[in-house]
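Novice:
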Amino acid sequence: MGSDAEPEIAPVVERTPTTTTATNLTYGIRAIVITALLSSLGGAGIMLLVKDKLTPAPEQAVLATNAPRPVATPPIAAPAQASPAPSPVPLPVNTSEASARVLIEQWRSAWINRDSNTYLSFYSADFVPTDGSTRTNWATARRKNLASRPDINVSIHDLQITQIDDKQLKLLFLQDYASGSYRESAKTKTLLLVLEGDVWRITGEWMGDHPIASK
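With full-length UniProt numbering applied, the sequence shown corresponds to residues 1 to 215, in that order.
#1: Whose C-beta lies closer than 8 angstroms to the C-beta of Asp209 among residues of the same chain, with five residues either side of it excluded?
#2: State the Cα-Cα distance for the pair Ala186 and Asp176, rounded to the nearest angstrom.
#3: If you drop the 5 nearest sequence neighbours on each side, which residues of the same chain put their C-beta closer than 6 angstroms to that of Asp126?
#4: Where does Ala100 land, buried or exposed, given buried means 16+ other C-beta within 10 angstroms?
#5: Quick check for students: name the residue ranges of the alpha helix (DSSP H) that lie wholly in the UniProt domain "Cds6 C-terminal" (104-205), counting only runs of 4 or more.
#6: Compare the C-alpha of Ser155 against each of Thr130, Tyr119, Ile112 and Ile212 and name the closest.
#7: Any chance the stretch 193-202 sits against the stretch 115-131, with 3 or more Cβ pairs inside 8 angstroms?
#8: Is there contact between the stretch 134-154 and the stretch 105-119, where contact requires at least three CB pairs shorter than 8 angstroms?
#9: Taking the straight line between their C-alpha atoms, what separation do you get for Leu120 and Leu195?
#10: Decide if Pro211 is buried, meaning its Cβ has at least 16 other Cβ atoms within 10 Å, or exposed.
#11: Expressed to the nearest angstrom, what Euclidean distance is found between the alpha-carbon atoms of Ser181 and Arg135?
#12: Taking its Cβ as the centre, do 16 or more other Cβ atoms sit within 10 Å of Lys144, making it buried, or is it exposed?
#13: Quick one: Cα of Gln106 to Cα of Tyr123, how far?
#14: Rounded to the nearest angstrom, what separates Leu193 and Thr118 at their Cα positions?
#15: Please return the same chain residues whose Cβ sits closer than 7 angstroms to the Cβ of Ser96, not counting the five positions on each side in sequence.
#16: Leaving out five residues on either side along the sequence, give the residues of the same chain with a beta carbon under 6 angstroms from the beta carbon of Glu205.
#17: Using C-beta distances below 6 angstroms, list every residue in its chain close to Ala139, excluding the 5 sequence neighbours before and after it, in chain order.
#18: Can you list, in chain order, the residues of its chain whose CB lies under 6 angstroms from that of Leu103, leaving out five sequence neighbours each side?
Quick look at the structure:
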């Protein structure tokens, strides 16, 4: 009779628990999620920092808005140049002729006003009267004549001035004379002027065109 064989006992195979694998997988997923979140947060932080840098502070924005706009400055006009001072009126080229014209007008005025002192001052001490008298006697007679006249009117026209030399001038003109009822019209008269120092004086007086030669 055979003995009953003992049943074979199957070897026990140890199985690695699946919980470890699941746990590791869970940690991996979490790590990925956390990393992604951190990356997102980091990027957002950087963006916020950049935005803070680019966005002006409220006060700065207000100042920038309220800052006055530059006003265009009109161009400065060049200063007007001062007008040049007027040039002095030039004296006549022939100053001797100009002096002679002044003298004869003053001589005529003194004669009209019967101002004997001024009238006689135009005559040189060397004046030779045409009547042959001395200058002293002639001057005395002229004073009496001027004082006796109620009025005198003398006009001169067609004046011609001839320079004989550096110190002599011949004046030829027409003279109208009136005193009371006496009248003379367009009488030719000649005066000889001689330069004494810097003053012209009468040294000769004739009725008519008297020839005068250079001395």
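Backbone N, C-alpha and C define an ideal beta-carbon position, used for all residues, glycine too. Predicted model only: the values in this text are computed from it and were never measured.
Specialist: On the basis of the coordinates in this document:
#1: Locating residue 209 in the sequence shown gives position 209, where the first residue counts as 1. Around Asp209: Leu172, Thr188 and Thr190.
#2: Along the sequence shown, one-based indexing puts residue 186 at 186. Along the sequence shown, one-based indexing puts residue 176 at 176. Rounded to whole angstroms, Ala186 to Asp176 spans 5 angstroms at the Cα level.
#3: In the sequence shown, counting from the first residue as 1, residue 126 sits at position 126. So the list reads Thr203, once near-sequence residues are dropped.
#4: Residue numbering aside, residue 100 sits at position 100 when the sequence shown is read from its first letter. Counting Cβ neighbours within 10 Å, Ala100 comes out buried, since at least 16 surround it.
#5: 116-121 and 135-148
#6: Here residue 155 refers to the residue found at position 155 when the sequence shown is read from its first residue. Checked all of Thr130, Tyr119, Ile112 and Ile212; the closest Cα to Ser155 is Ile112.
#7: yes
#8: yes
#9: Residue 120 sits at position 120 when you count from the first residue of the sequence shown. Residue 195 sits at position 195 when you count from the first residue of the sequence shown. Distance between the alpha carbons of Leu120 and Leu195: 16 angstroms.
#10: If you number the sequence shown from 1, residue 211 lands on position 211. Counting Cβ neighbours within 10 Å, Pro211 comes out exposed, since fewer than 16 surround it.
#11: Numbered from 1 along the sequence shown, position 181 holds the residue referred to as residue 181. Numbered from 1 along the sequence shown, position 135 holds the residue referred to as residue 135. Ser181 and Arg135: Cα-Cα distance of roughly 29 angstroms.
#12: Along the sequence shown, one-based indexing puts residue 144 at 144. Per the 10 Å Cβ criterion, exposed.
#13: Against the sequence shown, residue 106 aligns to sequence position 106. Against the sequence shown, residue 123 aligns to sequence position 123. Going by the C-alpha atoms only, they are around 12 angstroms apart.
#14: Start at 1 with the first residue of the sequence shown, and residue 193 comes out as number 193. Start at 1 with the first residue of the sequence shown, and residue 118 comes out as number 118. If you take the alpha carbons of Leu193 and Thr118, they lie about 17 angstroms apart.
#15: Taking the first residue of the sequence shown as position 1, residue 96 is located at position 96. So the list reads Gln163 and Leu169, once near-sequence residues are dropped.
#16: Locating residue 205 in the sequence shown gives position 205, counting from the first residue. If we look at Glu205 and ignore the five residues flanking it on each side, its Cβ neighbours are Leu191.
#17: The residue labelled residue 139 in the question sits at position 139 within the sequence shown. Counting only Cβ-Cβ distances below 6 angstroms, and skipping sequence neighbours, we find Leu120.
#18: One-based indexing of the sequence shown puts residue 103 at position 103. Excluding residues within five positions, the ones whose Cβ falls inside 6 angstroms are Trp200.
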